[in-house]
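Undergrad: First the structure, which I've put down as structure tokens, then a few questions once you've had a look.
There are 2 protein chains.
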Amino acid sequence: MASNEQTAALLRDAINRLTRRLRQTRPVGELTQSQFSALTSLDLAGALTPRELAEAERVQPPTMTRIVNRLEERGLVQRLPHPTDRRQVVLSTTESGRSVLAANRRAREAWLGGQVATLSAEEQETLRRAAHIVDRISRA
Amino acid sequence: MASNEQTAALLRDAINRLTRRLRQTRPVGELTQSQFSALTSLDLAGALTPRELAEAERVQPPTMTRIVNRLEERGLVQRLPHPTDRRQVVLSTTESGRSVLAANRRAREAWLGGQVATLSAEEQETLRRAAHIVDRISRA
DNA sequence: CTAAGCTCATTAGTTAAGCTAACGATTGTG
DNA sequence: CACAATCGTTAGCTTAACTAATGAGCTTAG
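Written out as structure tokens, the structure is:
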């Protein structure tokens with residue numbers, strides 16, 4: 035029987051390897067991992083303050099400021115004043131942001147989707163289950 | 035039925051979230067993810083040239099030069115001349131490197147191991163299976 | 001009802017990690 | 001033996017993470 039630590043090590047190593055592998059497949063000029071992830075979260079949520087988005091991405095607020103800066107420079111995100119609190123800012127995706135996001139999603143999933151396609155139905159189901167378990171762990 | 039792309043997206047998102055979560059648990063002064071991973075690979079292999087280690091870590095040679103520099107500054111790794119080819123260098127872990135590695139491994143797995151412990155035996159098995167599948171994909 | 005303190009976003013400055021291009025030393029080859 | 005290839009490194013750029021500090025705006029306690 036594998037110990038909790040052994041399972042943890044297996045999981046961590048597998049995740050590290052896949053993370054590095056995925057980084058290699060990013061085409062130049064496309065969104066970085068952080069930009070892509072932040073844009074996705076924002077698009078799903080509809081509108082968030084920088085702090086809320088930072089918390090969703092598990093990053094400190096200054097880090098999110100920078101990511102949002104780059105996205106705003108490219109016109110993918112907009113900063114609007116908060117209706118009642120003038121300290122705050124409300125972030126939302128632009129039309130252009132949503133289409134860039136969709137294009138990036140397709141490109142990103144091409145490689146990994148191709149790999150998934152080579153797996154048996156049972157293996158694919160294992161991956162989906164594992165993804166949900168990992169999500170639960172990450173929230174803890 | 036989930037499409038290959040949906041499964042890929044689930045997997046990628048789960049991995050991103052856990053990666054960021056794990057980064058948060060790194061104590062200051064400890065090895066970074068890259069350092070830890072490189073040191074682990076080197077320790078497993080015994081001795082490698084910088085290029086071989088870069089390939090194992092799926093990183094370009096200059097990136098590995100920097101990582102090795104930091105590890106060497108801390109005395110965790112040593113560079114020795116190649117026996118026959120004076121262009122090459124042979125890297126190996128030091129005694130100190132191996133003990134730092136072991137301590138780091140324990141610290142890193144404490145949090146994740148704790149999370150794994152809260153899962154059912156079936157869920158743990160799902161994670162182990164998924165880790166193996168992901169490893170196979172990453173090698174492709 | 002205003003002064004003090006809190007919260008929000010941002011800026012500044014550090015560290016780390018990734019990349020490509022270019023270089024010096026060395027080896028192999030035509 | 002000259003020329004090409006290889007190896008590791010350096011240099012220079014970008015991205016991303018952090019903490020500390022700042023300024024603007026809100027909230028509240030006296």
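Heads up: the sequence lines are chains A and B, in that order.
Going left to right, the first sequence walks through residues 35 to 174 as our numbering numbers them.
Going left to right, the second sequence walks through residues 35 to 174 as our numbering numbers them.
Don't be surprised by glycine CBs; every beta carbon is placed ideally from N, CA and C.
Source: prediction; values computed, not measured.
Is it the case that the Cβ atoms of residue 81 (chain B) and residue 124 (chain B) are separated by a distance below 8 Å?
TA: In this structure, residue 124 (chain B) lies closer than 8 Å to residue 81 (chain B) by Cβ.
Undergrad: I need the boundaries of the beta strand (DSSP E) containing residue 115 (chain B), first residue and last residue.
TA: Residues 111 to 115.
Undergrad: Which value, in whole angstroms, describes the spacing of the CA atoms of residue 73 (chain B) and residue 47 (chain B)?
TA: In a straight line, the C-alpha of residue 73 (chain B) is about 27 Å away from that of residue 47 (chain B).
Undergrad: Could you work out which residue in B:106, B:109, B:75 is closest to residue 93 (chain B) when comparing CA atoms only?
TA: Residue 93 (chain B) has its Cα closest to that of B:75, out of B:106, B:109, B:75.
Undergrad: Which value, in whole angstroms, describes the spacing of the CA atoms of residue 157 (chain A) and residue 171 (chain B)?
TA: When rounded, the distance between both Cα atoms is 12 Å.
Undergrad: On the DSSP bridge assignment, give the partners of residue 134 (chain A) in chain order.
TA: In DSSP, residue 134 (chain A) forms no bridge with anything.
Undergrad: Roughly how many angstroms lie between the CA atoms of residue 131 (chain A) and residue 128 (chain B), to the nearest whole one?
TA: Each residue's alpha carbon lies about 49 Å from the other.
Undergrad: Just the Cα atoms here: how many angstroms apart are residue 143 (chain B) and residue 103 (chain B)?
TA: Their backbone Cα atoms lie some 26 Å apart in a straight line.
Undergrad: Counting only C-beta atoms, is residue 169 (chain B) closer than 8 Å to chain A at any point?
TA: Taking Cβ atoms only, chain A reaches closer than 8 Å to residue 169 (chain B), which makes this a yes.
Undergrad: Anything in chain A within Cβ reach of residue 80 (chain B), meaning under 9 Å, just list it in chain order.
TA: Those do not exist, as residue 80 (chain B) stays about 18 Å from chain A at its closest Cβ, beyond 9 Å.
Undergrad: From what residue to what residue does the alpha helix (DSSP H) around residue 68 (chain B) run?
TA: Start and end: 67 to 79.
Undergrad: Can you say whether residue 118 (chain A) is buried or exposed, counting buried as having 16 or more other CB atoms within 10 angstroms of its CB?
TA: Classification of residue 118 (chain A): exposed, given that the 10 Å Cβ count is below 16.
Undergrad: Judging by CA-CA distance, which residue of B:88, B:137, B:121, B:168 is the nearest neighbour of residue 147 (chain A)?
TA: The shortest C-alpha separation from residue 147 (chain A) is found at B:168.
Undergrad: What in chain A is Cβ-close to residue 42 (chain B), meaning under 7 Å?
TA: The answer, in chain order, is 143, 146, 147, 150.
Undergrad: Please report the distance separating the alpha-carbon of residue 216 (chain A) from that of residue 120 (chain A).
TA: With chain A represented from 35 up to 174, any question about residue 216 (chain A) goes unanswered, as that position is not in the structure.
Undergrad: In the DSSP assignment, the beta strand (DSSP E) including residue 102 (chain B) goes from what residue to what residue?
TA: Per DSSP, residue 102 (chain B) belongs to no beta strand (DSSP E); it is in the alpha helix (DSSP H), 95 to 107.
Undergrad: If you measure from the beta carbon of residue 86 (chain A) to each beta carbon in chain B, is any gap under 8 Å?
TA: Not an interface residue.
Undergrad: Per DSSP, what kind of secondary structure is residue 9 (chain A) in: helix, strand or coil?
TA: Because chain A here runs from 35 to 174, residue 9 (chain A) falls outside it and cannot be looked at.
Undergrad: Starting from residue 172 (chain B), find everything on chain A with Cβ-Cβ shorter than 7 Å and list it in chain order.
TA: Those within 7 Å of residue 172 (chain B) in chain A are 51, 52, 55.
Undergrad: Which chain A residues sit within Cβ distance under 8 Å of residue 158 (chain B)?
TA: Residues of chain A passing the Cβ test: 36, 38, 41.
Undergrad: Would residue 99 (chain A) and residue 84 (chain A) be called neighbours here (beta carbons separated by less than 8 Å)?
TA: For residue 99 (chain A) and residue 84 (chain A), yes; Cβs fall inside 8 Å.
Undergrad: Taking only three categories from DSSP, how would you classify residue 172 (chain B)?
TA: In this structure, residue 172 (chain B) counts as helix in the three-state DSSP scheme.
Undergrad: Would you say residue 72 (chain B) lies against chain A (beta-carbon separation less than 8 Å)?
TA: Output row for residue 72 (chain B): interface = no.
Undergrad: Mapping DSSP to helix, strand and coil, what is residue 160 (chain B)?
TA: Residue 160 (chain B): helix per DSSP, three-state reduction.
Undergrad: Looking only at its own chain, which residues have a Cβ that is under 6 Å from the Cβ of residue 60 (chain B), when we skip the five neighbours before and after it?
TA: Around residue 60 (chain B): no qualifying Cβ.
Undergrad: Quick check on the DSSP output: the beta strand (DSSP E) that includes residue 127 (chain A) runs from which residue to which?
TA: From DSSP, the beta strand (DSSP E) with residue 127 (chain A) extends over 123 to 127.
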